[in-house]
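Working notes, beginning with the structure itself.
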């Protein structure tokens, strides 16, 4: 028995001599091995193993040392990969004849630069070379490249002849926990090993409970030529909740990825990511939720993954990543080709390079509006499309072009068709560290058609810019080349808008082609309450400079107005409360210095050819937003005039209150005042009190004028659809005979006295105005004198009687100074062609027959109307009179 603290020896022997040793026990031995120029192989120990360690030529000879025990031994192995320390805490080996070995028990703690473990071993080697080995692994830890193991334990078994390694078989199961994989995964599970038929394989089933992630992998290697035949690797990753991966804030959903690869064994076990082979992956993600995109989404596609310098490049297949979304009530599909670069450890996105893709939308429901497609857009990325910095998306840029003809928009019971065939533009976004992203969307070539209001918009361009960041705000620029409506000539549109969380506003203008009519508009909204207001104002426009006048602005005026001149200006405004209730639209319109020629179709036959003018006309109206024509209004007329043939009315003033805009309707008692009427019988101080009952219907409650020293009026005249009533009655009161005589402009005619009475007037369908049974009577005594300057001197009565016409001379003598006690005028006939008037006078001439009473009847017939209009110039009274 001896204790050797340290033994160093150089041994060399030409032949092995059998020692007479019954056993060898080593306690507390420390052995240092240095491996240089390659590896330690069995050739170095061949002499010790020769003939089963007996050193004899007979294999059946028992070994010189039948039993070896090692306790608390320490073996340090120095090699290029670093020092490896093996601590043998208890090894017991029995050696038998024919090279048989019985490893009854072996326990070792192994520490390598890449890991450590405790190994328990037992097994036998039979005389024929067959080996059976059982290993138990405990406390395994290690790190190879980005893969790190916190704990592993399990059992392995191996059997077969080491001299024929391809025929060996084995297997085992190892439980692992705390297995850290690239991407920040921390997994645990089981690893199954298998060996047989010249093939080696491994199957892993791992989970990351914190990330709800599962990883199932498989490796198969052909051992016949391991250095030349690649190893097959397959894996499937399943994620129960994508939000735990923290790839994109707010991202949620489930997904699977199936991956396959072929690589050389030396590359796979090297721990060098750069030596890993390309991986083919198929990804399927479902129930995907993204905060910036409402709804649920799904994605599916194939890709190839390569690793180099810590970066995994995911190259999508040619058909791209197929994305399907069920968002906002519709289906959205997209195909996105390109490539993504991912930093492996820590896991983050370092770059994205997208290729041109196509997005299709069949339907969207947004804020009570529905959009029905399909809408197909070709998306071309600019500079790769997406830009990342330190794993964070910083910006995005794309060109857009529509590949579908149109889509339909419905909202509030109304429909809108968007024509998208010519739409193109771009979209850009920048994502600040805090706050919402900045966005710039520019579109051009858009067309809109609103069939409910028959509005067509062509060549619309829209640029929407979002500032983003903590002070989020939007700016909007709109241009429209042509806005067309049946009610107006086309307009060009320009507008600018701005809104943020506090307020929103939109301002712009409309300019009409041809007329150069300009209307400015503004819309303002309080972002805190939701209340707001809107206003439209036109620039004063001289209609005289507009080709076609009013009809050049709107063709709807043609059935009502033949021509209109003057300066027009219109303003309109409205507001709404925080509940969204819209107040009636307040409209103010003015027309100054205007000349109006109504269309013939809107005038009754009796007013054909009428022309109107107005010095100032203002309209103030309140129009409900949901039914503007049901609103109320007030029309104020100043300095108006009306001409019909040779007659003209001037100084027309008044106010018209409307309790329904269209068809126009007013309360009773509306009144217009007429300053002067220039006609055959001039008048002044006219008044008309009436009620409108429609576009061409009214009730004239009373119309009256002051003429020839008295008043003439009519009452209760009903006009229906432009047609005057069949009959009206003109009332006359206190008409002055002197005024009437002076209007006739007949030299030598004078009179005084007052007439009152009624003249019934009948209107025929052909426009004929008939007077039937009209009668005017003097209310008091008066005088009538007619002394023509061209009349020959009166001769004696006898001579007169002998001559034809002497009777007429007597009448004229009486008329030279006729003082009547009674006078009546009866009227009948066509007011424009043949009026028959009978003048009956009871009176006397003091100079004729000593003032003998005279009852004189004068019948007048002919076109008295034209005669009056010609002011009796060269009028031959004798040719139109018959006296008795």
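Numbering (the working numbering), first residue to last: 664 to 1547. Cβ coordinates follow ideal geometry from the N, Cα and C atoms, glycine included. Predicted, not measured: the structure shown is a model, and the values here were computed from it.
Bridge partners - residue i, DSSP secondary structure assignment
i, result
"residue 1583", "Given a span of 664 to 1547 for the chain in the structure shown, any question on residue 1583 remains unanswerable."
"residue 1325", "DSSP, once it has assigned bridges, lists no residue as partnering residue 1325."
"residue 1006", "974 and 1011"
"residue 1143", "1123 and 1156"
"residue 1101", "1093"
"residue 1179", "Residue 1179 is not bridged to any residue."
"residue 945", "921 and 965"
"residue 1335", "1317 and 1351"
"residue 822", "795 and 832"
"residue 1236", "1198 and 1249"
"residue 1298", "1282 and 1319"
"residue 1166", "1189"
Cβ separation of residue i and residue j, assumed to be a contact under 8 Å, to the nearest whole Å
i, j, result
"residue 1158", "residue 1171", "3 Å"
"residue 966", "residue 978", "6 Å"
"residue 1484", "residue 1514", "The pair is not a contact, with the Cβ atoms about 12 Å apart (cut-off 8 Å)."
"residue 931", "residue 894", "6 Å"
"residue 943", "residue 922", "7 Å"
"residue 822", "residue 832", "6 Å"
"residue 1063", "residue 1090", "6 Å"
"residue 1552", "residue 1071", "A query on residue 1552 cannot be resolved here, the shown segment of the chain reaching from 664 to 1547 and no further."
"residue 1254", "residue 1274", "The pair is not a contact, with the Cβ atoms about 15 Å apart (cut-off 8 Å)."
Where residue i sits in the DSSP three-state scheme
i, result
"residue 1067", "coil"
"residue 951", "strand"
"residue 1149", "coil"
"residue 938", "helix"
"residue 1511", "coil"
"residue 1084", "coil"
"residue 886", "helix"
"residue 1445", "strand"
"residue 924", "strand"
"residue 1019", "coil"
"residue 1216", "helix"
"residue 901", "strand"
"residue 1208", "helix"
"residue 873", "helix"
"residue 835", "strand"
"residue 1027", "strand"
"residue 1193", "coil"
"residue 1291", "helix"
"residue 1261", "strand"
"residue 1360", "coil"
"residue 1136", "strand"
"residue 1474", "helix"
"residue 929", "helix"
"residue 1172", "strand"
Close beta carbons around residue i, own chain, < 6 Å, minus the five adjacent residues each side
i, result
"residue 973", "1007"
"residue 797", "785, 786 and 820"
"residue 881", "866 and 897"
"residue 805", "777, 778 and 812"
"residue 1226", "1212 and 1260"
"residue 1077", "1115"
"residue 712", "Residue confidence for residue 712 is low, a pLDDT of 44 falling below 50, so the modelled location carries little weight; the figure read from the coordinates is stated next. Excluding positions up to five away in sequence, the list is empty."
"residue 1084", "1068"
"residue 879", "868 and 899"
"residue 1000", "979, 983 and 1018"
"residue 988", "958, 960 and 995"
Below-9 Å beta-carbon distance, residue i vs any chain B residue
i, result
"residue 746", "Within the model displayed, chain B is absent; a lone protein chain is all it includes."
Cβ-based neighbour list, residue i, same chain, cut-off 8 Å, excluding 5 preceding and 5 following
i, result
"residue 1285", "1247, 1248, 1249, 1250, 1294, 1295 and 1296"
"residue 1314", "1302, 1303, 1304, 1336, 1337, 1338 and 1339"
"residue 888", "none"
"residue 1325", "1292 and 1358"
"residue 1243", "1193"
"residue 1390", "1423, 1424, 1425 and 1426"
Cutoff 7 Å; reference residue i; Cβ partners in own chain excluding five residues on either side
i, result
"residue 915", "904, 905, 906 and 952"
"residue 859", "832"
"residue 964", "946, 979, 980, 983, 984 and 985"
*asked:* List, from N- to C-terminal side, the beta strand (DSSP E) runs of 3 residues or more that fit wholly inside the segment 728-786.
replied: 730-734, 736-742, 745-758 and 764-775
*For the segment 1385-1430, which segments carrying the alpha helix (DSSP H) assignment without a break, of at least 4 residues, lie completely within its bounds, in sequence order?*
1400-1407
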